[in-house]
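Below is one structure, written out as structure tokens; comments come after it.
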Amino acid sequence: MKASILLVEDEPQICRVVKAYLEQADYTVTTANNGKDALRLATGESFDLIILDLMLPGISGEEICQRVRHQSDVPVIMLTAKSGEEQRIVGLELGADDYIVKPFSPRELVARVKALLRRTSGNTTGVMAEILRFDQGRLEIHLGAKEVRVDGEVVKLTPTEFKLLEVMARQPGHTFSRSQLVDLALGYDFSGYDDTIYAHIKNLRRKIEPDPSNPKYIETVYGLGYRFTTT
């Protein structure tokens with residue numbers, strides 16, 4: 001079955017070109033050109049991935065992303081005309097899995113889509129029953145179901161957040177640089193992206209740590225990166 005994508009872009013030419021490239025890559029594409037239609041589709045229908053422009057008439061892409069994240073962990077790639085780190089981090093902290101800055105190559109966007117869908121659908125053969133447990137069972141990572149539980153309650157993570165946690169939790173005590181986390185968790189090397197890994201880490205801490213300001217599980221190793229710890 002073809003993967004379904006919601007493409008939200010208010011510039012007609014960009015929308016047409018991206019839609020054509022996605023369809024050529026064998027995806028089913030639904031488009032929206034304003035915030036109101038995008039919100040209705042994103043929250044009312046089911047998609048395998050959403051490509052979301054930040055700057056939209058009516059309702060902003062940031063608000064749409066927030067609303068989507070309240071009810072779904074569908075992968076989100078944000079499109080932004082601003083290349084500043086702060087703008088990128090804002091999008092990631094809202095729950096986006098990836099971003100791409102305009103102007104961009106449609107081929108690069110398609111490659112990002114493929115990479116994100118691969119790690120979202122991932123082959124779970126042999127890990128359906130595998131569960132990583134830490135802190136006397138307070139934190140559970142269900143690898144097959146791609147689900148995390150804290151004190152028995154399911155915590156909603158984006159696909160990127162889950163993959164980052166899985167990579168680190170499989171090697172407790174090992175320090176990963178940001179660039180290593182990009183390669184191992186995201187599946188591709190994108191120049192400059194490692195600067196925003198910390199936004200995903202911040203989201204993870206907010207969701208799984210008893211005290212995000214004093215992390216118990218995900219430690220910062222200053223000058224080097226991050227490590228998962230069970231002590």
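Going by the working numbering, the first residue of the sequence shown is number 1, and it counts up by one from there.
We treat Cβ as the ideally placed atom computed from N, Cα and C, and that holds for glycine.
Residue nearest to residue i in terms of C-alpha spacing, selected from the options
i: Gly223; options: Thr160, Gln171, Thr175; result: Thr175
i: Val150; options: Leu186, Ile131, Gly225; result: Ile131
i: Thr120; options: Leu164, Leu92, Met78, Leu109; result: Leu164
i: Glu9; options: Leu39, Leu186, Arg206; result: Leu39
i: Ser177; options: Gln13, Ser46, Ile218; result: Ile218
i: Thr43; options: Asp211, Leu117, Val76, Arg107; result: Val76
i: Asn33; options: Ser46, Glu23, Val18; result: Val18
i: Phe228; options: Glu62, Asp135, Gly95; result: Asp135
i: Leu41; options: Pro57, Ala20, Val68, Gly58; result: Val68
i: Arg170; options: Ile64, Leu143, Glu63; result: Leu143
i: Glu153; options: Ile208, Pro215, Glu63; result: Ile208
i: Lys36; options: Ile64, Val221, Val90; result: Ile64
i: Met1; options: Pro12, Asp48, Val110; result: Asp48
i: Pro103; options: Cys15, Ala145, Arg205; result: Cys15
i: Ser46; options: Ala3, Tyr226, Asn214; result: Ala3
i: Leu117; options: Met168, Leu139, Ala185; result: Ala185
i: Pro106; options: Glu23, Arg205, Pro212, Asn214; result: Glu23
i: Arg133; options: Thr230, Leu94, Pro12; result: Thr230
i: Val90; options: Arg112, Thr196, Gly225; result: Thr196
For residue i, the first and last residue of its enclosing beta strand (DSSP E)
i: His142; result: 139-142
i: Arg149; result: 147-150
i: Glu153; result: 153-155
i: Glu228; result: Going by the sequence as given, residue 228 is Phe instead of Glu. Here the beta strand (DSSP E) through Phe228 covers 225-228.
DSSP three-state assignment for residue i, whether helix, strand or coil
i: Thr124; result: Residue placement at Thr124 is poorly supported in this model, since its pLDDT is 43, which falls under 50; the coordinates are not used for a value here.
i: Asp98; result: strand
i: Leu132; result: strand
i: Glu219; result: strand
i: Leu7; result: strand
Residue i, enclosing alpha helix (DSSP H) - first and last residue
i: Phe162; result: 159-169
i: Leu204; result: 197-208
i: Leu181; result: 178-181
Runs of beta strand (DSSP E) lying entirely within the segment 23-95, each at least 3 residues, in chain order: 28-32, 49-53, 76-80
At least 3 beta-carbon pairs within less than 8 Å: the segment 72-83 vs the segment 99-113: Taking a contact to require three or more Cβ pairs closer than 8 Å, the segment 72-83 and the segment 99-113 qualify as touching.
Meets three-Cβ-pair contact criterion under 8 Å: the segment 196-205 and the segment 154-172: yes
contact_flag[the segment 43-61, the segment 8-27] where n(CB pairs < 8 Å) is 3 or more: yes
Inter-stretch contact (C-beta, 8 Å, three-pair minimum) for the segment 12-27 and the segment 64-73: no
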